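Engineer: One structure, as structure tokens, below. Some questions next.
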Amino acid sequence: MKDKEKLIRYFEASGNGEEARRMIDLAEQVQAGRPYRVTDFMSPAGLVIADAVKANFGGINIISSGGYEGAERLRVAFVDPHFQGTVDLQIAVLKVSWDPRFRLLTHRDVLGSLMGLGIDRTHFGDIIVTSGGAQVIVDATITDFVIQNFTKIAMVTVTVSRMELSELQPKEEKIKEVRTTVASMRLDSIASSGFSTSRTKVVEAIKAGLVQVNWQSAKGPAQEVKEGDIISLRGRGRMQIESITGTSKKGRIGVHLKRFM
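Pasting the structure below:
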């Protein structure tokens, strides 16, 4: 690969250098003769990196999945284009059940207890909390360990059993439509409108590293965003710039935003 170090340096600037190194290593293994190689679970930023790695390697395909359509955390496979077999992404789903009276258990509680077993976050995909339980997408190789050892969340007793991926019930996201006008397509301006908060607070969040654009750390308040971009603010969710609807006589830009809650 010609521009290996250049690509790594590019992603190091957004804090994803190590992930880029791991993916390049997997792609090189495929190029050396492996039929396919699979990443751990990762945020959608990983798919951006995977696409960049693919573009720099001739003749390698990629496929990705998080276990269901719309999953946030994904596994990516780098695949030899001549491979005719089935690519096993090693994705499984476990059903975690507890007494429904403990309704206040959250995603953070479930994840914290799972990681308390000594398992790295990269072995878990999405966690979908339901009434009286959760559906946890995991690396298939750790299912037996989790079933045997995941018995409590805080002081609440839980039971764990296998589910088929086809039985998984994705959470229903609420979508808030926002139609507004802005003076420019600056990140701070768009985020302020989409998240219904002051521009000052958005700027503070950007400087604190709490804002991402397309799953990459925001470059700064003045960063230009465009149609199709996804902006996330830690603790407030994410939104997408659905479309730019036009420009007024006074030069203001009309935007249609979708906020996922």
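Be aware that the sequence shown starts at 1, since it is given in our numbering, and climbs by one per residue.
In this text, a Cβ means the ideal position worked out from N, Cα and C, and glycines have one as well.
If you're wondering where the values come from, they're calculated on a predicted model, not measured in any experiment.
Let's see if you can read the secondary structure: which residues bound the alpha helix (DSSP H) around M115?
Structural biologist: As a first step, residue 115 is located in the sequence shown; it is residue number 115 there, counting from the start. Looking at the DSSP string, the run of the alpha helix (DSSP H) that includes M115 is H107 to M115.
Engineer: Are F41 and T122 close, meaning C-beta to C-beta below 8 Å?
Structural biologist: To locate residue 41, count along the sequence shown from 1; it is residue 41. To locate residue 122, count along the sequence shown from 1; it is residue 122. Result yes, Cβ atoms of F41 and T122 sit closer than 8 Å.
Engineer: Could you name the residues of the same chain whose beta carbon sits closer than 8 Å to that of A50, not counting the 5 residues immediately before and after it, in chain order?
Structural biologist: Translated into the one-based positions of the sequence shown, residue 50 becomes position 50. Cβ neighbours of A50 beyond the five flanking positions: M23, T39, I62, S64, V76 and F78.
Engineer: Per DSSP, which one or two residues make a beta bridge with Q240?
Structural biologist: Residue numbering aside, residue 240 sits at position 240 when the sequence shown is read from its first letter. DSSP lists I230 and K258 as partners of Q240.
Engineer: Give a yes or no on contact between the region 106-119 and the region 85-92, applying the rule of three or more CB pairs nearer than 8 Å.
Structural biologist: no
Engineer: Helix, strand or coil: how does DSSP classify L89 here?
Structural biologist: In the sequence shown, counting from the first residue as 1, residue 89 sits at position 89. L89: coil per DSSP, three-state reduction.
Engineer: Closest to S193 by CA distance: which of D126, R238, Q216 and A27 is it?
Structural biologist: In the sequence shown, residue 193 corresponds to position 193, counting from 1. Nearest C-alpha to S193: R238.
Engineer: Classify I175 as buried or exposed, calling it buried when 16 or more other Cβ atoms lie within 10 Å of its own Cβ.
Structural biologist: Locating residue 175 in the sequence shown gives position 175, counting from the first residue. When all chains shown are included, I175 counts as exposed.
Engineer: Are three or more beta carbon pairs between the region 150-166 and the region 179-191 nearer than 8 Å?
Structural biologist: no
Engineer: Using the DSSP secondary-structure output, state which residues sit across from Y36 in a beta bridge.
Structural biologist: Locating residue 36 in the sequence shown gives position 36, counting from the first residue. Bridge partners of Y36 according to DSSP: V79.
Engineer: Give every residue of the same chain whose Cβ lies closer than 8 Å to the Cβ of I308, excluding the five residues on either side of it in the sequence, and list them in chain order.
Structural biologist: Since the first residue of the chain shown is 1 and the last is 261, residue 308 is not available in this structure.
Engineer: Under three-state DSSP, which class holds L94?
Structural biologist: Your numbering for residue 94 matches position 94 in the sequence shown. Strand.
Engineer: Going by beta-carbon coordinates alone, are S217 and G209 separated by less than 8 Å?
Structural biologist: What you label residue 217 is simply residue 217 of the sequence shown in a count that begins at 1. What you label residue 209 is simply residue 209 of the sequence shown in a count that begins at 1. In this structure, G209 lies closer than 8 Å to S217 by Cβ.
Engineer: Using DSSP with H/G/I as helix, E/B as strand and the rest coil, what is Q84?
Structural biologist: In the sequence shown, the residue the question calls residue 84 occupies position 84. In the structure shown, Q84 sits in coil (DSSP, three-state: anything other than H, G, I, E or B).
Engineer: Buried or exposed: F11, going by 16 or more other Cβ atoms within 10 Å of its Cβ?
Structural biologist: The count along the sequence shown starts at 1 and reaches residue 11 at position 11. So F11 ends up on the buried side.
Engineer: What is the DSSP secondary structure of I190, counted as helix, strand or coil?
Structural biologist: Position 190 of the sequence shown, counted from the start, is the residue given in the question as residue 190. Residue state, collapsed to three classes: helix.
Engineer: In angstroms with no decimal places, state the Cα-to-Cα distance between D126 and G66.
Structural biologist: As a first step, residue 126 is located in the sequence shown; it is residue number 126 there, counting from the start. As a first step, residue 66 is located in the sequence shown; it is residue number 66 there, counting from the start. Computed Cα separation, rounded: 7 Å.
Engineer: If you reduce the DSSP assignment to three classes, tell me which class D144 lands in.
Structural biologist: By one-based count along the sequence shown, residue 144 stands at place 144. In this structure, D144 counts as helix in the three-state DSSP scheme.
Engineer: Spell out the partners DSSP gives F102 in its beta bridges.
Structural biologist: Here residue 102 refers to the residue found at position 102 when the sequence shown is read from its first residue. Note: F102 sits in no beta bridge, so no partner.
Engineer: Does the count of Cβ pairs from the region 16-31 and the region 127-134 closer than 8 Å reach three?
Structural biologist: no
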